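Structure first, then comments.
2 protein chains.
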Amino acid sequence: MKLLIVEDEKSLSDGMASYLKQENYLCDQADTYRMALEKIESFEYDCILLDINLHDGNGLDILRTLKEESKTEGVIIISARNSLDDKVSGLELGADDYLAKPFHLSELRARVEAVIRRKKLAGTSLLRYNELSIDTQGRTVSVQGRLVELTRKEYQLLLYFAYNKGRVVSKNAIAEHLWGDDMGGSANYDFIYTHIKNLRKKLLEAGSQDYIQSVYGMGYKFAAP
Amino acid sequence: MKLLIVEDEKSLSDGMASYLKQENYLCDQADTYRMALEKIESFEYDCILLDINLHDGNGLDILRTLKEESKTEGVIIISARNSLDDKVSGLELGADDYLAKPFHLSELRARVEAVIRRKKLAGTSLLRYNELSIDTQGRTVSVQGRLVELTRKEYQLLLYFAYNKGRVVSKNAIAEHLWGDDMGGSANYDFIYTHIKNLRKKLLEAGSQDYIQSVYGMGYKFAAP
DNA sequence: CCCGATTCTGAAGAAATCCTGAAGTTGCGG
DNA sequence: CCGCAACTTCAGGATTTCTTCAGAATCGGG
Numbered sequence: 143m144k145l146l147i148v149e150d151e152k153s154l155s156d157g158m159a160s161y162l163k164q165e166n167y168l169c170d171q172a173d174t175y176r177m178a179l180e181k182i183e184s185f186e187y188d189c190i191l192l193d194i195n196l197h198d199g200n201g202l203d204i205l206r207t208l209k210e211e212s213k214t215e216g217v218i219i220i221s222a223r224n225s226l227d228d229k230v231s232g233l234e235l236g237a238d239d240y241l242a243k244p245f246h247l248s249e250l251r252a253r254v255e256a257v258i259r260r261k262k263l264a265g266t267s268l269l270r271y272n273e274l275s276i277d278t279q280g281r282t283v284s285v286q287g288r289l290v291e292l293t294r295k296e297y298q299l300l301l302y303f304a305y306n307k308g309r310v311v312s313k314n315a316i317a318e319h320l321w322g323d324d325m326g327g328s329a330n331y332d333f334i335y336t337h338i339k340n341l342r343k344k345l346l347e348a349g350s351q352d353y354i355q356s357v358y359g360m361g362y363k364f365a366a367p
Numbered sequence: 143m144k145l146l147i148v149e150d151e152k153s154l155s156d157g158m159a160s161y162l163k164q165e166n167y168l169c170d171q172a173d174t175y176r177m178a179l180e181k182i183e184s185f186e187y188d189c190i191l192l193d194i195n196l197h198d199g200n201g202l203d204i205l206r207t208l209k210e211e212s213k214t215e216g217v218i219i220i221s222a223r224n225s226l227d228d229k230v231s232g233l234e235l236g237a238d239d240y241l242a243k244p245f246h247l248s249e250l251r252a253r254v255e256a257v258i259r260r261k262k263l264a265g266t267s268l269l270r271y272n273e274l275s276i277d278t279q280g281r282t283v284s285v286q287g288r289l290v291e292l293t294r295k296e297y298q299l300l301l302y303f304a305y306n307k308g309r310v311v312s313k314n315a316i317a318e319h320l321w322g323d324d325m326g327g328s329a330n331y332d333f334i335y336t337h338i339k340n341l342r343k344k345l346l347e348a349g350s351q352d353y354i355q356s357v358y359g360m361g362y363k364f365a366a367p
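Protein sequence lines, in the order shown, are assigned to chains A and B.
Quick note on my numbering: the first sequence kicks off at 143 and runs consecutively.
Quick note on my numbering: the second sequence kicks off at 143 and runs consecutively.
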């Protein structure tokens with residue numbers, strides 16, 4: 143899962159990023175709205191944490207832009223205390239949640255989790271595709287009831303595929319979502335190959351079909367009912 | 143277990159906190175409703191002790207807010223006058239118990255315990271997982287009937303796992319629930335490692351299975367039937 | 001059917017994460 | 001004030017996971 147943190151107070155931004163990284167989120171940071179917009183245009187995020195009191199504009203404008211372009215990211219508004227107005231405006235504009243400063247990082251985590259779950263899973267924490275099922279709460283994957291032990295990258299990979307069922311995802315997008323934007327232009331996809339190989343092997347050996355289709359020259363497609 | 147004490151009479155508030163800390167609760171204090179609301183927004187509590195006669199507003203409003211936001215904390219209303227009105231209003235609004243001043247601290251403890259038990263365990267004070275059982279009333283843990291002596295942290299750790307059976311809990315979350323501090327993102331988890339090691343050792347030596355699974359890169363999971 | 005581009009594979013080195021025992025510190029009861 | 005139990009810190013080692021790499025297999029266009 144990939145987040146964008148829009149916050150100009152560096153120490154807070156870093157704190158959030160560092161905490162959320164521990165929770166296995168991938169975090170990008172932006173400390174101006176300009177930068178935020180650039181990042182949002184260039185990358186795909188699962189949730190955006192948006193401070194609406196930066197100095198180079200009004201954060202609600204970003205939110206408005208997002209919603210006009212019907213982006214699918216979740217948005218959590220962050221604002222200094224006392225501005226109930228912001229809360230109302232934010233939620234009216236389609237933010238998914240609201241958090242007043244100062245807040246506790248565990249609270250932030252809980253909200254992020256909730257927003258992503260609501261967006262992606264529409265309530266449940268269980269994904270099923272015939273014999274294959276993924277429990278995002280217990281972080282387990284099983285085939286016909288039998289547990290399959292996946293490493294972190296394998297699990298993240300499978301989850302990313304599952305969220306994009308039926309769509310072809312490019313290796314760039316995969317790299318982007320599992321590693322972030324810091325892997326040089328002429329990237330080599332060796333690790334993707336390796337992790338996909340290992341993931342496929344584990345699932346096949348557990349008795350699952352191979353739902354991960356390679357699309358030559360394009361990427362991969364998770365082809366499950 | 144983490145409590146919030148909302149009470150403006152400092153000596154009473156301190157007394158409650160100090161007593162409940164001895165009972166191994168983690169206590170935060172607030173002496174205005176403002177502060178109380180801030181804390182409630184930012185932290186997760188298991189139970190809130192709410193005096194409804196503070197000077198900056200009406201405690202019942204907080205209760206109303208809580209219930210509207212469908213928070214899961216338990217709430218115990220505390221009121222100075224022996225006014226039946228408050229009791230009725232409070233319970234109608236969804237408080238879990240009511241206590242009239244003056245009261246004995248042991249009485250308070252009993253109620254807190256009961257409320258938490260009701261919330262978390264829906265009735266029992268005994269958690270059983272095959273040969274392992276935890277008695278939250280007696281604060282004892284036993285394996286096949288034989289008592290296992292756990293230190294405070296070990297017990298809290300086990301209880302936290304038990305409450306989150308089947309879910310992966312991050313080390314961040316553990317740190318927050320057992321220590322309460324923020325300890326930021328770049329914390330070091332040495333003490334968690336140590337306490338888990340000791341807890342495991344005691345349980346294993348007593349003849350229990352190792353229900354505490356390490357989930358590499360994620361945290362731990364209590365895997366019990 | 002051939003050839004370059006792309007993808008897959010297995011193995012091994014590198015890195016991250018976790019565990020452990022022991023030593024140091026704190027806090028509380030006597 | 002002392003002593004003991006609990007807690008924390010520390011450093012090394014063990015384990016798991018990630019990345020790299022080279023060669024084999026596969027694909028699609030000409």
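C-beta: ideal position from N, C-alpha, C; glycine also.
Given the structure is predicted, the values throughout are model-derived calculations rather than measurements.
Cα separation between Ala-335/A and Phe-185/A?
-> First, the residue type needs correcting, since residue 335/A is Tyr and not Ala in the sequence shown. Answer to the nearest angstrom: the Cα atoms are 22 Å apart.
What residues in the region 302-318 of chain B bring their beta carbon closer than 8 Å to a beta carbon of chain A?
-> Gly-308, Arg-309, Val-310, Ser-312, Lys-313, Asn-314, Ala-315 and Glu-318
For Tyr-161/A, decide whether its Cβ has a neighbour in chain B, counting only Cβ atoms nearer than 8 Å.
-> yes
Can you tell me whether DSSP reads Thr-293/B as helix, strand or coil?
-> coil
Could you spell out the range, first to last residue, of the alpha helix (DSSP H) harbouring Asp-333/B?
-> One detail in the question is off: residue 333/B reads as Phe in this sequence, not Asp. Looking at the DSSP string, the run of the alpha helix (DSSP H) that includes Phe-333/B is 332-347.
Secondary structure at Lys-243/B, three-state DSSP: helix, strand or coil?
-> coil
What separation, rounded to the nearest whole angstrom, lies between the Cα atoms of Asp-332/A and Gln-171/A?
-> 27 Å
Please name the residue or residues paired with Ala-172/A in a DSSP beta bridge.
-> Val-148/A
Is it the case that the Cβ atoms of Ala-348/A and Tyr-271/A are separated by a distance below 8 Å?
-> no
Could you tell me which chain A residues have their CB closer than 8 Å to the CB of Gln-360/B, listed as they occur along the chain?
-> Per the sequence shown, residue 360/B should be read as Met rather than Gln. Asn-166, Arg-281 and Arg-294, listed in chain order.
With 16 other Cβ atoms within 10 Å as the buried cut-off, status of Leu-268/B | exposed
Can Ser-350/B and Glu-273/B be called in contact, C-beta distance under 8 Å?
-> yes
Rounded C-alpha distance that separates Arg-206/A from Met-177/B = 32 Å
Starting from the C-beta of Arg-251/A, find all residues in its chain whose C-beta is less than 8 Å away, skip the five residues before and the five after it, and write them out in chain order.
-> Tyr-161, Leu-162 and Glu-165
Just to confirm, are Gly-216/A and Cys-189/A a CB contact at a threshold of 8 Å?
-> yes
Is Leu-269/B helix, strand or coil when you go by DSSP?
-> strand
Quick one: which chain B residues come within Cβ less than 8 Å of Ser-248/A?
-> Phe-185, Glu-186, Asn-314, Ala-315 and Glu-318
Can you tell me whether DSSP reads Lys-307/B as helix, strand or coil?
-> coil
Going by other Cβ atoms of all chains shown within 10 Å of its Cβ, with 16 needed for buried, is Ser-356/B buried or exposed?
-> exposed
Could you tell me whether any Cβ in chain B is nearer than 8 Å to the Cβ of Ala-242/A?
-> yes
Show which residues of chain B have a CB atom less than 7 Å away from the CB atom of Phe-333/A.
-> In chain order: nothing, as chain B lies at least about 16 Å away.
Are the beta-carbon atoms of Leu-202/B and Val-148/B separated by less than 8 Å?
-> no
Can you pull the DSSP bridge partners for Val-283/B?
-> Ile-276/B and Val-290/B
Report yes if the CB atom of Ser-221/B is closer than 8 Å to the CB atom of Asn-195/B, and no otherwise.
-> yes
Three-state class that DSSP yields for Leu-320/A in the structure shown = helix
Thinking C-alpha only, which one of Leu-346/A, Gly-361/A, His-246/A and Thr-174/A is nearest Leu-150/A?
-> Correcting the residue type first, residue 150/A is Asp in the shown sequence and not Leu. Closest option to Asp-150/A, Cα to Cα, is Thr-174/A.
For a contact meaning CB atoms closer than 7 Å, what does Phe-245/A contact in chain B?
-> Glu-183 and Ser-184
Identify the contact partners of Lys-344/B in chain A, using a Cβ-Cβ distance below 9 Å as the criterion.
-> Near Lys-344/B there are no residues of chain A at all, since even the closest Cβ is about 25 Å away, more than 9 Å.
Amino acids of chain A, ordered along the chain, whose beta-carbon sits closer than 7 Å to that of Val-357/B = Arg-281
So with Cβ pairs under 8 Å, would you call Lys-144/B a contact of chain A?
-> no
So who's on the other strand from Val-217/B, going by DSSP bridges?
-> Ile-190/B
Between Phe-303/A and the rest of its own chain, which residues show a CB-CB distance below 6 Å, the 5 nearest in sequence each way excluded?
-> Phe-364
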